[in-house]
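Asker: In my numbering, the protein residues as written are 1 to 549. From the three backbone atoms N, C-alpha and C, an ideal C-beta is built for every residue, glycine too. Keep in mind the model is a prediction, meaning the values are calculated, not measured.
(1) Short of 8 Å in beta carbon distance, which residues of its chain neighbour residue 498, apart from the five on each side in sequence? Order them along the chain.
(2) Is the number of C-beta pairs between the stretch 341 to 360 and the stretch 78 to 89 that are closer than 8 Å three or more?
(3) What do you get for residue 297, buried or exposed, if any count of 16 or more other CB atoms within 10 angstroms of its CB means buried?
(4) Contact criterion: CB-CB distance below 8 Å. Does residue 536 meet it with respect to chain D?
(5) Do residue 53 and residue 237 come within 8 Å of each other at the CB atom, strictly closer than that value?
(6) Please determine, among 55, 457, 544 and 49, the residue with the shortest C-alpha to C-alpha distance to residue 239.
(7) Assuming contact is defined by CB atoms lying nearer than 8 Å, are residue 68 and residue 249 in contact in what I supplied?
(8) DSSP state of residue 527, grouped into three classes?
(9) Assuming residue 438 and residue 402 make a contact with CB atoms under 8 Å, what is their CB distance in whole Å?
(10) Would you mind reading off the limits of the alpha helix (DSSP H) that contains residue 562?
(11) What does residue 307 pair with, by DSSP beta-bridge criteria?
(12) I'd like the span of the alpha helix (DSSP H) that includes residue 200, first residue to last.
(13) Give the DSSP-derived three-state secondary structure of residue 440 in the structure shown.
(14) Once you ignore the five residues that flank residue 188 on each side, which residues in its own chain have a CB closer than 6 Å to its CB?
(15) Please state if the CB of residue 400 and the CB of residue 376 are separated by a distance shorter than 8 Å.
(16) Between which two residues does the beta strand (DSSP E) holding residue 335 run?
(17) For the beta strand (DSSP E) containing residue 462, list its first residue and its last residue.
(18) Should residue 281 and residue 272 be called a contact, given that it needs their Cβ atoms to be closer than 8 Å?
(19) Quick one: complete beta strand (DSSP E) runs, 3+ long, within the stretch 227 to 297?
(20) Give me whichever residues DSSP pairs with residue 480 in a beta bridge.
(21) Mapping DSSP to helix, strand and coil, what is residue 395?
(22) Pick helix, strand or coil for residue 149, following the three-state DSSP scheme.
(23) I'd like the span of the alpha helix (DSSP H) that includes residue 174, first residue to last.
(24) State the Cα-Cα distance for the pair residue 321 and residue 307, rounded to the nearest angstrom.
(25) Pairing CB atoms from the stretch 147 to 157 with CB atoms from the stretch 211 to 230, are three or more of them under 8 Å?
(26) For the alpha helix (DSSP H) that contains residue 63, what are its first and last residues?
(27) For residue 395, count neighbouring Cβ atoms within 10 angstroms of its own Cβ and tell me buried if that reaches 16, exposed if not.
(28) Pick from 411, 434 and 418: whose alpha carbon is nearest that of residue 426?
(29) Residue 168 lies in the beta strand (DSSP E); which residues open and close that run?
(30) If you draw a straight line from the C-alpha of residue 531 to the C-alpha of residue 434, how long is it?
(31) Roughly how many angstroms separate the alpha carbons of residue 288 and residue 468, rounded to a whole number?
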């Protein structure tokens, strides 16, 4: 008899950390059951080994297992069976929970020496089980720019079919939208009244009314497209992995930390991982694919001896390949809370199946820019940062958002211990352009707050506050209150220059049988939330791998 655990996986019988579903070995904590032979999953051989069951890994596992190939998917976190994951309105509960890697940057020199929290999903579905469920593809010029760096096959005309391949849109099919794919995209919502006021006020301020930022243009105000279906989160674990686990050729291991990729004579031959303090080595007949995201994929590479030679030697790691770009080009979108006290009681969330952040605006600091560089994001709750006075609870936030960052930083190991804290230094706000964009965005949001629809809700501005009027004062506020937009990327970038880590086929340069398919390969972050682009990257990677096979 099958059982379902939240929005997790269908399981039939269990032993310890192993569950069997249609002959598939699936690891799950503390569930009693019948005895089965786990030797193959622990120390066996597969065609493909995928390291990380996150936004990309779940997609890749589903697509590669379609071919009948023998696929192993390894995840450091556990099952995604919490109602806090499946219930959209509860997303903030997930940060700093057992489902979060809970990374922190090193003190940021240009952000008042603050350490910025970087939540990332540590469970099936990865950050698609932890994020705001916003579905944004980015601007066509993003991908044309990628192609201009020598990445043939990554222009907008090349990637749009992969967005459409995944999509199950709740509206009509068109040149921009498809129906019937695994991933549900919800565009029809009943907004919270404060979020509705934000959208209406932005239009009153002269911004376009744009109900579809994934259509002909990103510009303007509208409600977010969301990966929600029937009031439940549509992570990639739910949309892609869960159905695929019915296949007997797909094996999933959870609570298993990849220690390194095994490399022999310039080729990836398998992976060594740890589970329950025991190490196991599994072999890959065809390829190993890293899908740990912008933070864990470069860590896995460096622990395997692939990365900047001097740094690896400093950490006492045997150098298999000097690849200086690993851990470079780290960057993130910037988010800055602009908070108002409400003049009337803000209603509680109306719908547990709707996230508290569901209104956005795409805008430009200069009209001649090729794509928007601002993406303000509205919450109908206050989002105070550490150190701010959080005593006013009847408040709401329209965050300033910068989505074309210039600042770049690095990711480095602090030790050869895979559990040691990483040195994450995105060098936030080091570029004046990034500070100027946030200052511009605050002023834009203040103008929106002056419109009739928002004035009905605004009592007073709490942060930055009425005393912050000059550019310098607003820049100081940005440095004091900057947070992440949860869109880290770029640490194993795709390209042809000396700091490129993968080529246009996502193959790690200098190592056969090893690819990376996640946000780390982005040369530049896309304009908007990154989960949809990561799913596209995995879809495209699956076709590349199939073609090579």
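Answerer: Reading it off the structure:
(1) Indexing the chain shown from 1 puts residue 498 at position 498. Excluding the 5 residues flanking it on each side, residue 498 has same chain C-beta neighbours closer than 8 Å at 324 and 325, in chain order.
(2) With the cut-off at 8 Å, the stretch 341 to 360 and the stretch 78 to 89 touch.
(3) Sequence index remark: in the chain shown, residue 297 carries index 297 (1-based). The residue in question, residue 297, is buried, as its Cβ has 16 or more Cβ neighbours within 10 Å.
(4) The chain labelled as chain D is not found in the depicted structure, where only one protein chain is given.
(5) Along the chain shown, read from residue 1 onward, the residue named residue 237 stands at position 237. Along the chain shown, read from residue 1 onward, the residue named residue 53 stands at position 53. Result yes, Cβ atoms of residue 237 and residue 53 sit closer than 8 Å.
(6) By 1-based counting over the chain shown, the position of residue 239 is 239. Ranking 55, 457, 544 and 49 by CA distance to the CA of residue 239 puts 55 first.
(7) For the purposes of this step, residue 68 is identified with residue 68 of the chain shown, where counting begins at 1. For the purposes of this step, residue 249 is identified with residue 249 of the chain shown, where counting begins at 1. Contact: yes.
(8) By one-based count along the chain shown, residue 527 stands at place 527. Note: residue 527 maps to coil in three-state DSSP.
(9) Numbered from 1 along the chain shown, position 438 holds the residue referred to as residue 438. Numbered from 1 along the chain shown, position 402 holds the residue referred to as residue 402. Confirmed, Cβ separation roughly 6 Å.
(10) The question about residue 562 has no answer, for the chain in this structure spans 1 to 549.
(11) Position 307 of the chain shown, counted from the start, is the residue given in the question as residue 307. The partner list for residue 307 (beta bridge, DSSP) reads 322.
(12) By 1-based counting over the chain shown, the position of residue 200 is 200. Counting along the chain, the alpha helix (DSSP H) containing residue 200 begins and ends at 193 to 204.
(13) Taking the first residue of the chain shown as position 1, residue 440 is located at position 440. If DSSP states are grouped into helix, strand and coil, residue 440 belongs with the helices.
(14) Within the chain shown, numbered from 1, the residue matching residue 188 stands at position 188. Excluding positions up to five away in sequence, the list reads 170.
(15) Counted from its first residue, the chain shown places residue 376 at position 376. Counted from its first residue, the chain shown places residue 400 at position 400. Remark: C-beta atoms of residue 376 and residue 400 approach each other more closely than 8 Å.
(16) Here residue 335 refers to the residue found at position 335 of the chain shown. Looking at the DSSP string, the run of the beta strand (DSSP E) that includes residue 335 is 334 to 336.
(17) Along the chain shown, read from residue 1 onward, the residue named residue 462 stands at position 462. Segment 458 to 463, the beta strand (DSSP E) holding residue 462.
(18) In the chain shown, the residue the question calls residue 281 occupies position 281. In the chain shown, the residue the question calls residue 272 occupies position 272. Result yes, Cβ atoms of residue 281 and residue 272 sit closer than 8 Å.
(19) DSSP runs (the beta strand (DSSP E)) wholly in the stretch 227 to 297: 250 to 253, 257 to 264, 267 to 275 and 278 to 290.
(20) For this step, residue 480 is matched to residue 480 along the chain shown. Residue 480 is not bridged by DSSP to any residue.
(21) For the purposes of this step, residue 395 is taken as residue 395 along the chain shown, with counting starting at 1. DSSP places residue 395 within a strand segment (E or B) once states are collapsed to three.
(22) As a position in the chain shown, residue 149 is number 149, starting the count at 1. For residue 149, the three-state secondary structure derived from DSSP is coil.
(23) Residue numbering aside, residue 174 sits at position 174 when the chain shown is read from its first letter. Premise fails: residue 174 is in no alpha helix (DSSP H) and is neither H nor E.
(24) In the chain shown, residue 321 corresponds to position 321, counting from 1. In the chain shown, residue 307 corresponds to position 307, counting from 1. Rounded to whole angstroms, residue 321 to residue 307 spans 7 Å at the Cα level.
(25) Look at the beta carbons and you see the stretch 147 to 157 not touching the stretch 211 to 230: under three pairs across the two are nearer than 8 Å.
(26) Looking up residue 63 in the chain shown gives position 63. Per DSSP, the unbroken alpha helix (DSSP H) holding residue 63 starts and ends at 55 to 65.
(27) For the purposes of this step, residue 395 is taken as residue 395 along the chain shown, with counting starting at 1. Taking a 10 Å sphere around the C-beta of residue 395, we find 16 or more other C-beta atoms and assign the residue as buried.
(28) One-based indexing of the chain shown puts residue 426 at position 426. The shortest C-alpha separation from residue 426 is found at 411.
(29) The residue given as residue 168 occupies position 168 in the chain shown. Per DSSP, residue 168 belongs to the beta strand (DSSP E) from 167 to 169.
(30) Along the chain shown, one-based indexing puts residue 531 at 531. Along the chain shown, one-based indexing puts residue 434 at 434. Distance between residue 531 and residue 434, taken at the CA atoms: about 22 Å.
(31) On the chain shown, residue 288 is found 288 positions in, with the first residue counted as 1. On the chain shown, residue 468 is found 468 positions in, with the first residue counted as 1. Each residue's alpha carbon lies about 52 Å from the other.
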